[in-house]
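Residue numbering for the sequence shown follows full-length UniProt numbering, starting at 1 and increasing by one per position.
Glycine residues also receive a C-beta, built at the ideal position from the N, C-alpha and C atoms.
Remember, it's a predicted structure, so these values are computed and weren't measured experimentally.
Written below as structure tokens is the structure these notes are about.
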Amino acid sequence: MALRMLVYLGLLYQDLIRRGEVLPNGRLPPVLPIVLYNGAARWTAATEFSELIPPVPGLVEKFKPKFQYLLIAKNHYTENTLPPVKNFVAALFRLEQVSSPEALLPLIASLQEWHENDVDVRRMFAIWIRATLMRKAPYQIQLPQVDDLQEISIMLSERIEEWAKGYEAKGMQVGIEQGMEQGLLQGRQQGMQQGMQQGLQTGMNQGQHLEAIRTLHKLLAKRFGDVPAALMARIEAASLEQIEGWFDFALDAPTLESVFADHTGAPLSH
1 MALRMLVYLG LLYQDLIRRG EVLPNGRLPP VLPIVLYNGA ARWTAATEFS
51 ELIPPVPGLV EKFKPKFQYL LIAKNHYTEN TLPPVKNFVA ALFRLEQVSS
101 PEALLPLIAS LQEWHENDVD VRRMFAIWIR ATLMRKAPYQ IQLPQVDDLQ
151 EISIMLSERI EEWAKGYEAK GMQVGIEQGM EQGLLQGRQQ GMQQGMQQGL
201 QTGMNQGQHL EAIRTLHKLL AKRFGDVPAA LMARIEAASL EQIEGWFDFA
251 LDAPTLESVF ADHTGAPLSH
């Protein structure tokens, strides 16, 4: 990660120089590199780039590249230790930690108030919340495209009851199916049931994959402009897990190329 962040910083500075967005004296603006980690396991990657290079004697050691990023790990914080919602990082962590869709409503209301005059920030939060609800268990709520927190708040309010009923119905259906399966004695009937379930699961997976492609394309177009056809072909051929990873990078990547940079930091050619 230290190497990747160093590459991202270099790409950002190159882009600023190309666009002429440097300080009056030609120097580069300061940047605070931050990694937000929302995993459950403890973060073990080096935060200092020099840790990736073994010590060497003499002059070479003195000139080893020095770079460090700030790690903010979600599993280091609890609801009681998080700052008020006006802290951007705390808001993201709270969105990750909510126990149910209805618990999102007061948080969305606070975000709307905080970003009342910032349309772009409200849109980015809306896209991220929608993607989270659609791709993560146990939610997987189907929501139409949204461009603002107000839209997703209204839609979420309308669908909470539907979501709850769906879970209740799903629980009843699972109970019925389990009871039926226990009573089935013939292997043929069990095979038919398994085939139907596999077909249903395949259809659901395909739908989630298409929705993930559309969501990522919209985010990329909003942040970086037109998405090249070759890049869209790569996205459409990627797995759902890969698309979700690109979506996370696209939220704060400095350039389109850096979203799709490989683990060695080599930028995408298209």
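Three-state secondary structure assigned by DSSP to residue i
i           : result
residue 113 : helix
residue 2   : helix
residue 21  : coil
residue 69  : coil
residue 213 : helix
residue 35  : strand
residue 145 : coil
Beta-carbon gap between residue i and residue j smaller than 8 Å
i           : j           : result
residue 28  : residue 35  : no
residue 153 : residue 105 : yes
residue 150 : residue 112 : yes
residue 16  : residue 67  : no
residue 240 : residue 221 : no
residue 55  : residue 48  : no
Cβ neighbours of residue i in the same chain (closer than 6 Å, five flanking residues each side left out)
i           : result
residue 70  : 34
residue 94  : 107
residue 53  : 64
residue 59  : none
residue 200 : No answer about residue 200 holds up, because its pLDDT of 48 lies below 50 and its placement is not dependable.
Below-8 Å beta-carbon distance, residue i vs any chain E residue
i          : result
residue 65 : Judged by its chain identifiers, the structure shown contains no chain E, having just a single protein chain.
Cβ-heavy atom distance, residue i to the ligand NAP, below 7 Å
i           : result
residue 133 : You won't find the ligand NAP in this model; it holds no ligand whatsoever.
Identity of the residue in the options nearest residue i by Cα
i           : options           : result
residue 251 : 227, 118, 19, 216 : 216
residue 102 : 133, 76, 210      : 133
residue 40  : 76, 60, 18        : 76
residue 236 : 146, 118, 210     : 210
Nonlocal neighbours in the same chain, by C-beta distance under 7 Å from residue i, ignoring five residues either side
i           : result
residue 1   : 35, 45
residue 9   : 31, 33
residue 13  : 28
residue 249 : 259
residue 18  : none
residue 92  : 36
residue 223 : 250
Spatial neighbours of residue i in its chain, beta-carbon cut-off 8 Å, leaving aside the 5 residues before and after
i           : result
residue 144 : 155
residue 115 : 121, 122, 125, 149
residue 247 : 131, 212, 215, 216, 219
residue 226 : none
Beta-carbon separation (whole angstroms), residue i vs residue j, contact threshold 8 Å
i           : j           : result
residue 122 : residue 148 : 5 Å
residue 11  : residue 254 : 6 Å
residue 219 : residue 127 : 6 Å
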